[in-house]
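Report on the structure given below.
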Amino acid sequence: MTHYDAIVIGAGAGGGVAAAKLAEAGKHVLLLERGRAQTFQEIGRDLLRNQRVNAHGHNAGPDTRHPRVAVDHSGEPVTVPPWDFRYQANAATVGGGTRVYAGQAWRFHPLDFKMASTYGVPEGSSLADWPIQYEDLSPFYEKVEHELGVSGDCTNMQHLPKYARNYPMPPVPLTRRGELMRAGAKSLGWNTFPVPLAINSQPNQGRPACPGCQHCVGFACPVDAKNGTQNTFIPRALASGKCELVTDMMVERIEHVAGHASGITYFSADSKRVRVTADVIVVAAGAVECARLLLNSGLGNDLVGRNLQGHVYITAFGLLADDVWDGIGPGVTTATTRWSHGNPGIVGGGLMCDDGIILPTAYVRWAFPANKRRWGSEAKNWMRHSYRRMLQVLGPIQDIPSPDARVSIDPKVRDHWGIPVARLSGATHPESIKAAKFLHSKAVEWLKACGALEVWGDPPQAPYLSGGQHQAGTCRMGDDPATSVVDRNGKLHGSDNVYLADTSVHVTNGGFNPFLTAMANSYRTTTLLIDRW
Amino acid sequence: MSISDPHLRLLKVLANCIVPPDETPGAGDAGDMNYVTDVLTGDYAGQLDAVRRLLAALDASATARHQRAFVDLDREAQVALLGAVEGTATFQMLVSLIQEGYWGSAAGLATVGFEVSL
Numbered sequence: 000m001t002h003y004d005a006i007v008i009g010a011g012a013g014g015g016v017a018a019a020k021l022a023e024a025g026k027h028v029l030l031l032e033r034g035r036a037q038t039f040q041e042i043g044r045d046l047l048r049n050q051r052v053n054a055h056g057h058n059a060g061p062d063t064r065h066p067r068v069a070v071d072h073s074g075e076p077v078t079v080p081p082w083d084f085r086y087q088a089n090a091a092t093v094g095g096g097t098r099v100y101a102g103q104a105w106r107f108h109p110l111d112f113k114m115a116s117t118y119g120v121p122e123g124s125s126l127a128d129w130p131i132q133y134e135d136l137s138p139f140y141e142k143v144e145h146e147l148g149v150s151g152d153c154t155n156m157q158h159l160p161k162y163a164r165n166y167p168m169p170p171v172p173l174t175r176r177g178e179l180m181r182a183g184a185k186s187l188g189w190n191t192f193p194v195p196l197a198i199n200s201q202p203n204q205g206r207p208a209c210p211g212c213q214h215c216v217g218f219a220c221p222v223d224a225k226n227g228t229q230n231t232f233i234p235r236a237l238a239s240g241k242c243e244l245v246t247d248m249m250v251e252r253i254e255h256v257a258g259h260a261s262g263i264t265y266f267s268a269d270s271k272r273v274r275v276t277a278d279v280i281v282v283a284a285g286a287v288e289c290a291r292l293l294l295n296s297g298l299g300n301d302l303v304g305r306n307l308q309g310h311v312y313i314t315a316f317g318l319l320a321d322d323v324w325d326g327i328g329p330g331v332t333t334a335t336t337r338w339s340h341g342n343p344g345i346v347g348g349g350l351m352c353d354d355g356i357i358l359p360t361a362y363v364r365w366a367f368p369a370n371k372r373r374w375g376s377e378a379k380n381w382m383r384h385s386y387r388r389m390l391q392v393l394g395p396i397q398d399i400p401s402p403d404a405r406v407s408i409d410p411k412v413r414d415h416w417g418i419p420v421a422r423l424s425g426a427t428h429p430e431s432i433k434a435a436k437f438l439h440s441k442a443v444e445w446l447k448a449c450g451a452l453e454v455w456g457d458p459p460q461a462p463y464l465s466g467g468q469h470q471a472g473t474c475r476m477g478d479d480p481a482t483s484v485v486d487r488n489g490k491l492h493g494s495d496n497v498y499l500a501d502t503s504v505h506v507t508n509g510g511f512n513p514f515l516t517a518m519a520n521s522y523r524t525t526t527l528l529i530d531r532w
Numbered sequence: 000m001s002i003s004d005p006h007l008r009l010l011k012v013l014a015n016c017i018v019p020p021d022e023t024p025g026a027g028d029a030g031d032m033n034y035v036t037d038v039l040t041g042d043y044a045g046q047l048d049a050v051r052r053l054l055a056a057l058d059a060s061a062t063a064r065h066q067r068a069f070v071d072l073d074r075e076a077q078v079a080l081l082g083a084v085e086g087t088a089t090f091q092m093l094v095s096l097i098q099e100g101y102w103g104s105a106a107g108l109a110t111v112g113f114e115v116s117l
């Protein structure tokens with residue numbers, strides 16, 4: 000049996016960073032990933048089955064060996080495939096979601112770390128402050144921005160303290176749509192700035208600049224100009240000669256005695272049970288699977304799996320008089336944080352920005368106005384007329400957590416290997432929906448200021464379970480074991496050698512895409528772990 | 000679980016009502032019918048009987064009103080008959096699948112002007 004210094008479970012945003020830091024510190028690391036390393040060709044360009052348009056299939060896993068159970072509004076459990084929206088899927092491949100993401104590389108707002116002390120705790124919510132603050136993560140945000148490779152310009156990010164160093168690359172090209180969005184915001188007196196992206200705007204780390212293709216979010220990059228852990232941190236870990244990557248496998252459980260982990264068992268690609276031991280276990284399998292693994296292993300306290308959160312999203316569309324398509328990808332160029340905090344009567348808020356080039360398959364699914372007939376010549380003509388004349392505003396709204404939004408273990412359903420699967424239930428707190436409605440009204444205002452003749456799209460009306468690609472919160476960090484699962488340094492309460500290093504530990508998930516925070520906190524967790532080793 | 004050739008023919012005719020041909024092809028001629036049939040025999044296999052009933056109902060109403068099969072009517076007559084089923088969940092589901100399959104096809108991309116550079 001092989002013994003490692005550390006086993007890292009999950010080769011996504013958090014796990015990739017953890018593996019690199021540990022291996023480069025000389026630790027012998029086993030990095031485990033249930034998916035495979037996929038090439039650009041393997042991920043493909045199927046416009047109907049990708050990580051963005053995925054009602055009936057996707058391109059970067061998980062596959063059907065990994066079912067989950069969702070509890071619907073009637074309380075009935077339903078076994079759902081990985082592309083069902085109730086599954087709350089994120090990619091399962093080397094790099095995790097970062098292999099196919101949009102790459103919006105946001106730091107959280109300083110107030111995102113102190114939501115309870117800023118707003119109070121709404122009744123029925125588990126809103127809480129983080130035990131660490133923006134200042135604790137700031138140096139690690141900077142390290143990740145430079146080691147991952149982020150394009151942007153911090154000079155007009157008025158919502159954040161001054162950066163020590165600007166991003167390593169200038170912003171990606173501005174589009175015609177972006178120009179209009181900036182002009183519209185300016186007429187309203189709203190500050191805007193380029194969206195920071197983990198995409199090369201110039202050659203970087205031996206890989207080329209973004210060629211501006213039209214299939215970014217949901218797909219792999221044809222020239223490898225999109226930076227995820229699969230082409231940055233994980234290759235570094237492997238190049239150290241101290242990290243072994245095993246893919247196409249499934250972890251069964253963490254073996255432990257009284258909280259001290261001795262190792263794990265997993266099923267290999269040929270479904271053989273393998274036992275490996277280690278001094279330290281780092282779990283970074285995503286908020287759903289982290290909770291599932293801890294629960295199946297009998298590790299952690301009663302809070303494991305609670306407070307599942309992601310983001311409540313708003314989107315609105317506006318129709319302009321003229322064709323504004325220029326086809327320049329990725330297309331995400333312009334954001335405002337004017338409404339991230341300080342909104343009257345609202346808990347939190349969120350960023351708003353333009354989106355990447357929207358696929359026609361996504362446009363017909365998400366953007367078709369509710370008041371128009373969805374078939375016939377009129378529908379076709381509406382698609383033809385509006386697609387290139389359209390502006391979109393999109394935004395992740397701060398999810399106000401509920402303890403009832405949770406991951407538990409389904410008592411009946413098991414996966415391909417016989418491991419009990421995750422059961423997902425509950426919904427976000429109603430304050431999230433209230434915030435989304437407010438932000439949506441601001442999105443409409445922005446589009447009208449851009450000259451939209453017609454604006455459409457509705458905000459969410461009722462609480463729903465939010466997780467998906469931004470899933471977080473199921474093993475929240477805190478100083479008090481009565482109200483948290485891990486301590487401020489990511490160590491599981493009640494254990495001396497099990498750490499969590501992904502979005503699972505987020506107390507709240509900010510009003511921003513969360514991967515940069517997951518990477519920065521994984522960087523911090525593993526740095527502190529190495530320092531104390 | 001499969002879709003018979005006559006039903007596939009009827010589905011293609013229906014698809015051309017949902018996204019009709021004009022200066023660009025319609026969904027029955029150019030849309031991704033594999034996507035439609037894959038979902039109907041996969042994720043939505045539980046609804047396949049309802050789809051078959053809807054197709055049979057279209058043929059029955061075509062025969063009753065025009066003494067011809069649905070596929071043999073002109074599009075105007077076909078569209079008129081769809082009014083009776085438009086409000087059903089099965090029809091709406093088919094509209095979604097056919098629309099998605101069309102706007103992911105080369106004809107759909109050309110229709111909206113989605114130009115691919117790389």
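Sequences listed follow chains A and B, in order.
In terms of numbering that gives the first Met the number 0, the first sequence has 191 at position 192, counting the first letter as 1, and numbering is strictly consecutive.
In terms of numbering that gives the first Met the number 0, the second sequence has 73 at position 74, counting the first letter as 1, and numbering is strictly consecutive.
Positions of the beta carbon are idealized from the N, C-alpha and C atoms, including for glycine.
field: Distance between A481(A) and I42(A) (C-alpha atoms, nearest Å)
entry: Locating residue 42(A) in the first sequence gives position 43, counting from the first residue. Locating residue 481(A) in the first sequence gives position 482, counting from the first residue. So the two alpha carbons sit approximately 43 Å from each other.
- request: Determine the direct distance from the alpha carbon of Q98(B) to that of P5(B), and round the result to whole angstroms.
  value: For the purposes of this step, residue 5(B) is identified with residue 6 of the second sequence, where counting begins at 1. For the purposes of this step, residue 98(B) is identified with residue 99 of the second sequence, where counting begins at 1. The C-alpha of P5(B) lies about 21 Å from the C-alpha of Q98(B).
task: Please go through the region 307 to 386 of chain A and give each complete alpha helix (DSSP H) segment of 4 or more residues, from N-terminal end onward.
output: As far as the region 307 to 386 of chain A is concerned, its whole alpha helix (DSSP H) runs of at least 4 residues are 376 to 385.
- prompt: So, A581(A) versus V281(A), is the Cβ gap smaller than 8 Å?
  reply: Residue numbering for chain A in the displayed model covers 0 to 532; residue 581(A) lies beyond these limits and cannot be assessed.
Cβ shell of V38(B) (< 8 Å), same chain only, five flanking positions each side left out: Indexing the second sequence from 1 puts residue 38(B) at position 39. Contacts found: L96.
query: Does DSSP put F107(A) in a helix, in a strand, or in coil?
result: If you number the first sequence from 1, residue 107(A) lands on position 108. Secondary structure at F107(A): coil, using DSSP grouped into helix, strand and coil.
message: Can you pull the chain A neighbours of S116(B), defined as C-beta to C-beta under 9 Å?
response: The residue labelled residue 116(B) in the question sits at position 117 within the second sequence. Within chain A, the residues near S116(B) are P210, G211, C212, Q213, G326, I327, G328.
- request: With hydrogens ignored, establish whether the beta-carbon of W102(B) is closer than 7 Å to any heavy atom of the ligand MG.
  value: The ligand MG is absent from the structure shown, which contains no ligand whatsoever.
message: Assuming F266(A) is part of the alpha helix (DSSP H), what are its boundary residues?
response: Residue 266(A) sits at position 267 when you count from the first residue of the first sequence. First-last for F266(A): 259 to 266, but that is the beta strand (DSSP E), not the alpha helix (DSSP H).
- request: Assign H72(A) to buried or exposed, taking buried as 16 or more other Cβ atoms, counted over all protein chains shown, within 10 Å of its Cβ.
  value: As a working mapping, residue 72(A) is identified with position 73 in the first sequence. H72(A) is exposed by the Cβ-count criterion.
message: According to DSSP, is L21(A) part of a helix, a strand, or is it coil?
response: Taking the first sequence and counting its residues from 1, the one referred to as residue 21(A) is at position 22. Three-state result, L21(A): helix.
query: Does P221(A) have its Cβ less than 8 Å from a Cβ in chain B?
result: Translated into the one-based positions of the first sequence, residue 221(A) becomes position 222. At least one chain B Cβ lies under 8 Å of P221(A).
- prompt: For D501(A), which of Y3(A), A17(A), M0(A) has the nearest alpha-carbon?
  reply: Working through the first sequence from its first residue, we reach residue 501(A) at position 502. For D501(A), the closest of Y3(A), A17(A), M0(A) by C-alpha to C-alpha distance is A17(A).
task: List in chain order: all unbroken alpha helix (DSSP H) runs of 4+ residues lying wholly within the region 429 to 485 of chain A.
output: The region 429 to 485 of chain A contains these whole alpha helix (DSSP H) runs: 429 to 448.
message: Please identify, using Cβ separations under 9 Å, the residues of the region 31 to 48 of chain B that lie next to chain A, in order along the chain.
response: If you check each beta-carbon in the region 31 to 48 of chain B against every beta-carbon of chain A, the ones closer than 9 Å belong to D31, Y34, D37, V38, G41, D42, Y43.
- prompt: Going by Cα to Cα distance, which pick from A208(A), G450(A), V222(A), G56(A) is closest to Q40(A)?
  reply: Within the first sequence, numbered from 1, the residue matching residue 40(A) stands at position 41. Ranked by how close their Cα comes to the Cα of Q40(A), the residues A208(A), G450(A), V222(A), G56(A) have V222(A) in first place.
message: Based on DSSP bridge pairs, tell me the residues matched to S407(A).
response: Translated into the one-based positions of the first sequence, residue 407(A) becomes position 408. DSSP output for S407(A) lists R422(A) as bridge partner(s).
query: Rounded to whole angstroms, how far is the Cβ of V454(A) from the Cβ of A315(A), which I believe are closer than 8 Å?
result: Position 455 of the first sequence, counted from the start, is the residue given in the question as residue 454(A). Position 316 of the first sequence, counted from the start, is the residue given in the question as residue 315(A). Yes, V454(A) and A315(A) are in contact; Cβ-Cβ is about 6 Å, under 8 Å.
query: What span of residues does the beta strand (DSSP E) with G394(A) cover, start to end?
result: Mapped onto the first sequence, residue 394(A) falls at position 395. DSSP places G394(A) inside the beta strand (DSSP E), whose first and last residues are 389 to 397.
message: Suppose the cutoff is 6 Å on Cβ atoms and the five residues either side in sequence are ignored; what does the same chain contact list for V537(A) look like?
response: Residue coverage of chain A in this structure runs from 0 to 532, which leaves residue 537(A) outside it and unanswerable.
field: Given 8 Å, three or more beta-carbon pairs between the region 149 to 158 of chain A and the region 186 to 204 of chain A
entry: Under the three-pair Cβ rule at 8 Å, the region 149 to 158 of chain A counts as touching the region 186 to 204 of chain A.
query: At a CB-CB cut-off below 7 Å, which residues of chain A make contact with L108(B)?
result: Position 109 of the second sequence, counted from the first residue, corresponds to residue 108(B). Listed along chain A are P359, each with a C-beta nearer than 7 Å to that of L108(B).
query: What's the call for K549(A), buried or exposed, on a 16-neighbour Cβ count within 10 Å?
result: The structure shown does not extend to residue 549(A), since chain A spans only 0 to 532, so no value can be given for it.
message: I need the boundaries of the alpha helix (DSSP H) containing M518(A), first residue and last residue.
response: Translated into positions along the first sequence, residue 518(A) becomes position 519. Per DSSP, the continuous alpha helix (DSSP H) segment holding M518(A) begins and ends at 514 to 531.
message: As an exercise, report each continuous alpha helix (DSSP H) stretch of at least 4 residues that is fully enclosed by the region 144 to 205 of chain A, in chain order.
response: Segments of the alpha helix (DSSP H) lying fully in the region 144 to 205 of chain A: 175 to 187.
task: Would you list, in sequence order, the uninterrupted beta strand (DSSP E) runs of no fewer than 3 residues that lie entirely inside the region 0 to 60 of chain B?
output: The region 0 to 60 of chain B contains no whole beta strand (DSSP E) run of 3 or more residues.
- request: Measuring only between beta-carbons, confirm whether V12(B) sits less than 8 Å from chain A.
  value: Here residue 12(B) refers to the residue found at position 13 when the second sequence is read from its first residue. Not one chain A Cβ lies under 8 Å of V12(B).
Short Cβ contact (8 Å threshold) for L293(A) with C449(A): In the first sequence, residue 293(A) corresponds to position 294, counting from 1. In the first sequence, residue 449(A) corresponds to position 450, counting from 1. Cβ distance not < 8 Å, so L293(A) and C449(A) don't count as in contact.
message: So with CB distances below 7 Å, who are the chain A contacts of G112(B)?
response: Position 113 of the second sequence, counted from the start, is the residue given in the question as residue 112(B). In chain order: W324, Y386, R387.
query: If you compare alpha carbons, which of V70(B), M92(B), I17(B) is closest to G45(B)?
result: Taking the first residue of the second sequence as 1, we reach residue 45(B) at position 46. Nearest of V70(B), M92(B), I17(B) to G45(B), Cα basis: M92(B).
task: Would you mind telling me which residues of chain B sit closer than 8 Å to G43(A), beta carbon to beta carbon, in chain order?
output: On the first sequence, residue 43(A) is found 44 positions in, with the first residue counted as 1. Within chain B, no residue comes near G43(A); the closest Cβ sits about 12 Å away, beyond 8 Å.
- prompt: For the region 46 to 61 of chain A, which residues have a beta carbon sitting closer than 7 Å to at least one beta carbon of chain B?
  reply: Taking 7 Å as the Cβ-Cβ cut-off against chain B, the residues of the region 46 to 61 of chain A that qualify are L46, L47, H55.
task: Measure from the C-beta of K225(A) to each C-beta in chain B and report whether the shortest distance is under 8 Å.
output: Walking along the first sequence from the start, residue 225(A) turns up at place 226. Taking Cβ atoms only, chain B never reaches closer than 8 Å to K225(A), which makes this a no.
- request: Counting only the same chain and skipping the five closest in sequence on each side, list residues whose C-beta sits under 6 Å from that of P24(B).
  value: Within the second sequence, the letter at position 25 stands for residue 24(B). Excluding sequence neighbours, P24(B) sits near A106.
query: What does V171(A) touch in chain B if you count any residue whose Cβ is under 7 Å from its own?
result: Taking the first residue of the first sequence as 1, we reach residue 171(A) at position 172. Under the 7 Å cutoff, chain B gives no residues; its nearest Cβ is about 15 Å from V171(A).
query: V28(A) bridges to which residues according to DSSP?
result: Position 29 of the first sequence, counting from 1, holds the residue named residue 28(A). Bridge pairing for V28(A): A5(A), C242(A) [DSSP].
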